[in-house]
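Asks: Numbering (the UniProt record's numbering), first residue to last: 1 to 269. Beta carbons are placed, not taken as given, at the ideal position from N, Cα and C, and that holds for glycine. Below: one structure in structure tokens.
Here is the structure:
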């Protein structure tokens, strides 16, 4: 795996992850021959936003951010001769909370090496937020609220478009996370992309290219029982390559054993 890196890795600071240490993740990366990794922990959710998940564990606690930064800075130093380690965050784009997201990024931007901008939360017509990827049952509720599977997909890609266009300040993440995460439960809620949906995605990818963003090529979907494909799926990945959008591999590991899972250089070439 020479010259490969894993640029989407979580840590023991993730409230819905494992207690595997940062060094365990780093050692796994070294064992695989990776040259670089990014720790991209879920940033705290914006002030005033109510996490819709049952355990309200979608992001790290604000009072842990400084400890997280110190821990990653320490591990960077420990492994500096063996592995390039980036300190980063996976930042949730949540519609209507741009000011608070910007404040977080401005506060910590000087120490951030790498960051991902992701959509996990969708806002319905009443203003209520739903977690897109929590469970198949919760996704079913989304389908009911939005009226159809296609309507959920449309809302998801529309929200990603808003994230790309949003003004989050000079430290805004430049990589879009798992762009087809909406497919996580597609074996339970199947959907064949319509021509209109593919046109929406094509326009979104053109916007991503125009604005200079890269894409997270996320292998986690391969291991989700109701998905089984990459995020982005092969069709969307092919379109991204045709548009020459920069691509970076990420395992989305929440435990050390998942680092570098199913990585192939061909996925991003």
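Just to confirm before moving on: does the CB-CB distance between residue 259 and residue 32 stay below 9 Å?
Replies: A contact, by the Cβ cut-off of 9 Å.
Asks: At the level of alpha carbons, what is the spacing between residue 187 and residue 77?
Replies: 44 Å
Asks: Could you name the residues that DSSP lists as bridge partners for residue 85?
Replies: Answer by DSSP bridge pairing, in chain order: 37.
Asks: By the three-class DSSP mapping on this structure, what secondary structure does residue 1 have?
Replies: A caution first: residue 1 carries a pLDDT of 46, below 50, which makes its placement in the model unreliable, though a value can still be read off. In this structure, residue 1 counts as coil in the three-state DSSP scheme.
Asks: For residue 204, which option in 113, 262, 185 and 237 has the closest C-alpha, if you only look at C-alpha atoms?
Replies: 237
Asks: What do you reckon, are the CB atoms on residue 88 and residue 67 nearer than 9 Å?
Replies: no
Asks: Can you give me the C-alpha to C-alpha distance between residue 294 and residue 124, rounded to a whole angstrom?
Replies: In the structure as shown, the chain begins at 1 and stops at 269. Residue 294 is therefore absent and cannot be evaluated.
Asks: Name the residue from 176, 174, 208 and 193 whose alpha carbon lies nearest to the alpha carbon of residue 183.
Replies: 193
Asks: Skipping 5 residues on each side, what residues in its chain have a beta carbon closer than 7 Å to that of residue 169?
Replies: 102, 105 and 106
Asks: Using only the alpha-carbon positions, how far apart do residue 140 and residue 79 sit?
Replies: 44 Å
Asks: Look up residue 217 in the DSSP assignment and say whether it is helix, strand or coil.
Replies: strand
Asks: Inspect the beta-carbon positions of residue 93 and residue 175 and report whether they are closer than 9 Å.
Replies: no
Asks: What residues match up with residue 118 in a beta bridge as DSSP calls it?
Replies: 92
Asks: Roughly how many whole angstroms lie between the Cα atoms of residue 252 and residue 8?
Replies: 5 Å
Asks: Under the assumption that residue 164 contacts residue 191 (Cβ atoms under 8 Å), give the Cβ distance between them as a whole number of angstroms.
Replies: In fact, because the Cβ distance is near 23 Å, the residues do not count as touching under 8 Å.
Asks: Whose C-alpha, out of 127, 39 and 266, is nearest the C-alpha of residue 14?
Replies: 39
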